[in-house]
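K.L.:
One structure, pasted below without further comment.
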Amino acid sequence: MNEELNVMRWNPKQEPLFWMHEQTGMMKDIVQKFLEEIHLTNLELKYLKWYIVQWIDGTVSQVKNRMSKEQFKEYIMNAVPKDYKQQLDDMDQGQIMQYVSEDLINLGIDPF
Numbered sequence: 158m159n160e161e162l163n164v165m166r167w168n169p170k171q172e173p174l175f176w177m178h179e180q181t182g183m184m185k186d187i188v189q190k191f192l193e194e195i196h197l198t199n200l201e202l203k204y205l206k207w208y209i210v211q212w213i214d215g216t217v218s219q220v221k222n223r224m225s226k227e228q229f230k231e232y233i234m235n236a237v238p239k240d241y242k243q244q245l246d247d248m249d250q251g252q253i254m255q256y257v258s259e260d261l262i263n264l265g266i267d268p269f
């Protein structure tokens, strides 16, 4: 992911940062625009992608702490989208909406 997205401090070994708890209010505005299908600027879209990636990473980290190595290996194979960082990086806003509402929700990952 783009280095600009490191603006928000977050450690992937922590639980995911939920957009409504982000202190600046920036993510709340971006997510609300996204959910209302209002066009996001390029920077807003980058932040949205960062948010989704950190949500998936945080979810994986939390699950890993609760499973055996074998269970976690199976979880990664069956419940984590393959190459999600690269996929998201290449998506436009409409594709992200479809990805979240279909692929991620079907895997039990709901960042919103």
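If you count by the working numbering, then the sequence shown holds residues 158 to 269, one letter each, in order.
Built from N, CA and C at the ideal position, the CB exists for glycine as well.
Need the endpoints of the alpha helix (DSSP H) that residue 148 sits in, please.
P.N.:
No statement about residue 148 is possible, as the shown extent of the chain runs from 158 to 269 and does not include it.
K.L.:
Please list, in chain order, all residues of the same chain as residue 260 whose beta carbon is under 8 Å from its beta carbon, the five residues on each side excluded.
P.N.:
Result list for residue 260: 238, in chain order.
K.L.:
For the alpha helix (DSSP H) containing residue 205, list its first residue and its last residue.
P.N.:
From DSSP, the alpha helix (DSSP H) with residue 205 extends over 199-221.
K.L.:
Where residue 185 and residue 229 are concerned, what is the direct C-alpha to C-alpha distance, given to the nearest angstrom?
P.N.:
Using only the alpha carbons, I get a separation of about 32 Å.
K.L.:
Locate the alpha helix (DSSP H) running through residue 227, then write down its first and last residues.
P.N.:
Start and end: 226-236.
K.L.:
By alpha-carbon positions, which one of 251, 175, 204 ends up nearest to residue 187?
P.N.:
The residue with the shortest Cα to Cα distance from residue 187 is 204.
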